[in-house]
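In what follows, a single structure is set out as structure tokens and then discussed.
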Amino acid sequence: MASNYHIKSYCHIKNQTVSLNGQIVFEDDSKLFPDFIKNAYRALDTKYAKFFKMDNLSKLAFIAADVLLKNENLNPEKEENIAIVFSNKAASLDTDRLHQEAIQNKNNYFPSPAVFVYTLPNICIGEISIKYKLFSENSFFIFDSLNAEHLASYSNSLLDMKKADQVLCGWIDLDENQYEAFLYLVSKNGKIAHSKEQIITLYNT
């Protein structure tokens with residue numbers, strides 16, 4: 003059945019490149035993810051002091067969401083009814099390893115609260131919600147790979163039930179220096195039909 007909703011815009015972060023709607027907005031030759039994402043933060047004029055305290059998964063999600071939402075020219079004083087639906091294949095495994103190492107170090111046992119707080123994948127949703135005042139539904143799903151059918155049906159149902167006016171959804175995955183973000187914004191307005199096929203096409207672009 004055809005969807006009544008459309009993809010307004012989409013963002014990719016992979017291979018040392020950030021793109022919006024298929025157009026490159028930042029690229030860098032940094033081989034290490036922490037260097038790349040910090041350079042992207044500065045070049046894209048992100049302006050969020052807490053960024054530097056985040057774990058790498060949250061930084062990846064935050065920059066991708068910021069590129070998309072900044073493009074929407076949202077009113078910074080207004081609460082937005084935008085739901086968030088994210089997914090990946092490893093939850094917060096990258097940060098979980100750091101926390102586990104701290105626990106296992108008997109000679110220097112001091113698990114950092116700054117690390118522990120990021121051992122849940124949905125923490126990155128919270129950071130995005132705080133900056134953009136998003137107080138609608140949010141979920142983080144774990145799949146082996148991008149599950150376009152689930153993203154489409156779940157976000158469409160949120161819109162059908164009027165639990166959100168728009169949905170920010172997609173794939174945010176990071177494991178050390180292997181990283182990939184694909185986010186898109188779906189609403190009643192837009193030029194791209196919100197369907198499993200179109201999501202896969204944009205993801206593979």
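Using the numbering used here, the first residue of the sequence shown is number 3, and each one after it goes up by one. All C-beta atoms, glycine included, are put in the ideal place defined by N, C-alpha and C.
- Between Leu176 and Cys13, the gap from beta carbon to beta carbon reaches 9 Å or more.
- If you look at His14, you'll find it isn't in any alpha helix (DSSP H); it sits in the beta strand (DSSP E) that goes His8 to Lys16.
- Selection Gly192, Tyr181 and Gln200 evaluated against Lys91 yields Tyr181 as nearest (Cα-Cα).
- Here Met163 is exposed. Its C-beta has fewer than 16 other C-beta atoms within 10 Å.
- Runs of the beta strand (DSSP E) spanning 3 or more residues and lying entirely within the region 134-161 occur at 140-144, in chain order.
- Phe88 is bridged by DSSP to Phe142 and Gly172.
- Taken atom to atom, the span from the alpha-carbon of Lys133 to that of Ala150 is near 27 Å.
- In the structure shown, Ser21 falls within a strand segment according to DSSP collapsed to helix, strand and coil.
- About 10 Å separates the beta carbons of Val169 and Ile9, which is beyond the 8 Å limit, so they are not a contact pair.
- With respect to the C-alpha of Asn77, the residue from Lys61, Lys40, Glu178 and Leu136 having the closest C-alpha is Leu136.
- Straight-line measurement puts the Cα of Leu204 at about 13 Å from the Cα of Lys193.
- Looking from the CA of Ile202, the closest CA among Ser147, Asn75 and Tyr156 belongs to Ser147.
- Across the set Tyr7, Asn58 and Ile26, the C-alpha of Ile26 shows the shortest separation from the C-alpha of Val69.
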